[in-house]
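Here the structure comes first, spelled out in structure tokens, and everything after it is commentary.
Residue numbers (UniProt numbering): 1 to 112.
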């Protein structure tokens, strides 16, 4: 299945998350080495830590009570998909996979 929705064009130019996303991208770029040390290049692919952290920020900003509800929102909300960096045709992660990856990131003392 192929669809083309330009998420960048769907988010208002003056939306507050645009400024936040710019700051977040700069901060995450500075952590690339630390992220690389946490994840093995072989084996099953994990959720990219940058996307995971962006999703965690949305969970805090929008007071979403659980990973299950966050993944449900990520499934249908174009603003959330844009902020996290996943395409319209990409599946949202299973909440348990999200939780396991979050725990790995927290255990690595990067997101504490």
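Where a beta carbon is used, it is the ideal one built from N, C-alpha and C, also for glycine.
Inset, instruction - With a threshold of 16 other CB atoms inside 10 Å of the CB of residue 60, please say whether the residue is buried or exposed. - result: exposed
Inset, instruction - Taking only beta-carbon positions, decide if residue 44 is within less than 9 Å of chain B. - result: Absent here is chain B; the protein component of the structure consists of one chain.
Inset, instruction - Can you grab the Cα-Cα spacing for the pair residue 25 / residue 52, in whole Å? - result: Pairing residue 25 with residue 52, the inter-Cα distance amounts to about 13 Å.
Legend entry - residue 81 vs residue 38 beta-carbon contact at 9 Å: no
Legend entry - Same chain, Cβ closer than 8 Å to residue 68, five either side skipped, listed in chain order: Contacts found: 95.
Inset, instruction - Give every residue of the same chain whose Cβ lies closer than 8 Å to the Cβ of residue 5, excluding the five residues on either side of it in the sequence, and list them in chain order. - result: 78, 88
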